[in-house]
Amino acid sequence: MISFLIFLGVFLFMECVTWLTHKYIMHGLMWYFHADHHQPKYANVFERNDIFFVIFAIPSIVLFYFGVEGGMNYLFFIGLGITFYGFCYFMIHDVFIHQRFKWFKNTNNKYIIGLRKAHKVHHKHLGKEHGECFGMLFVPFKYYKI
Numbered sequence: 000m001i002s003f004l005i006f007l008g009v010f011l012f013m014e015c016v017t018w019l020t021h022k023y024i025m026h027g028l029m030w031y032f033h034a035d036h037h038q039p040k041y042a043n044v045f046e047r048n049d050i051f052f053v054i055f056a057i058p059s060i061v062l063f064y065f066g067v068e069g070g071m072n073y074l075f076f077i078g079l080g081i082t083f084y085g086f087c088y089f090m091i092h093d094v095f096i097h098q099r100f101k102w103f104k105n106t107n108n109k110y111i112i113g114l115r116k117a118h119k120v121h122h123k124h125l126g127k128e129h130g131e132c133f134g135m136l137f138v139p140f141k142y143y144k145i
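Numbering (numbering that gives the first Met the number 0), first residue to last: 0 to 145.
In structure tokens:
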């Protein structure tokens with residue numbers, strides 16, 4: 000039970016980490032890597048922005064290693080929470096919202112529509128300033144209205 004609570008707590012905490020990272024790192028110090036993501040059309044299959052998947056994967060890999068090496072201890076479940084959040088982020092951000100992969104095109108789900116609206120508001124700013132809606136899974140309720 001404690002393992003599941005660790006996993007769930009880390010998963011939820013990752014939304015805070017994502018918001019802070021997106022606002023202050025991606026739209027700040029590391030804007031160079033994130034800037035191409037805010038352009039209307041992608042020139043390539045990959046973007047410079049994809050480096051953030053690698054950056055977030057490194058702690059998960061390290062935590063998995065030390066979590067298994069230590070006999071499936073709490074570090075493994077912290078890594079699992081980060082990894083599962085990353086998977087959800089990928090499915091929502093890259094698949095549902097940006098349609099980088101044409102797996103799911105249409106939905107009537109109010110939550111997914113709200114996420115798309117909030118992200119569209121975020122992308123209306125092509126520069127790094129004046130951004131809003133930096134999170135991914137939790138967005139203001141005003142975007143859920145159809």
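We put the beta carbon where it would ideally sit given N, CA and C, even for glycine.
Considering just the uninterrupted stretch of the alpha helix (DSSP H) at residue i, what are its terminal residues?
i    : result
Y64  : 50 to 68
L114 : 109 to 122
H33  : 30 to 33
Y73  : 73 to 88
Given this structure, state the Cα-to-Cα distance separating residue i from residue j, to the nearest angstrom.
i    : j    : result
V138 : K123 : 16 Å
F89  : H36  : 14 Å
L114 : V61  : 31 Å
Y23  : G70  : 36 Å
I112 : Y31  : 29 Å
E128 : G27  : 9 Å
I96  : T20  : 19 Å
L7   : T82  : 12 Å
F51  : I1   : 29 Å
C87  : Y110 : 14 Å
H121 : N107 : 21 Å
Q38  : I57  : 27 Å
Given a threshold of 16 other Cβ atoms within 10 Å of its Cβ, counted over all protein chains shown, does residue i qualify as buried or as exposed?
i    : result
V53  : exposed
T17  : buried
S59  : buried
V9   : buried
M13  : buried
G135 : In the sequence as displayed, the identity of residue 135 is Met instead of Gly. Buried.
F3   : exposed
F140 : exposed
For residue i, does the three-state DSSP call read helix, strand or coil?
i    : result
E14  : helix
R99  : coil
G40  : The amino acid occupying residue 40 in the given sequence is Lys; Gly does not appear at that position. Of the three classes helix, strand and coil, the one that applies to K40 here is coil, per DSSP.
F6   : helix
T20  : helix
M152 : Examination of residue 152 is not possible in this model, given that the chain is present from 0 through 145 alone.
V94  : helix
F140 : helix
For residue i, collect the residues of the same chain with a Cβ closer than 8 Å to its Cβ; drop the 5 residues on either side in sequence, then sort them by chain order.
i  : result
I5 : Y73, F76, I77, G80
Looking only at its own chain, which residues have a Cβ that is under 6 Å from the Cβ of residue i, when we skip the five neighbours before and after it?
i   : result
M25 : H33
E46 : D35, H36
G85 : F55
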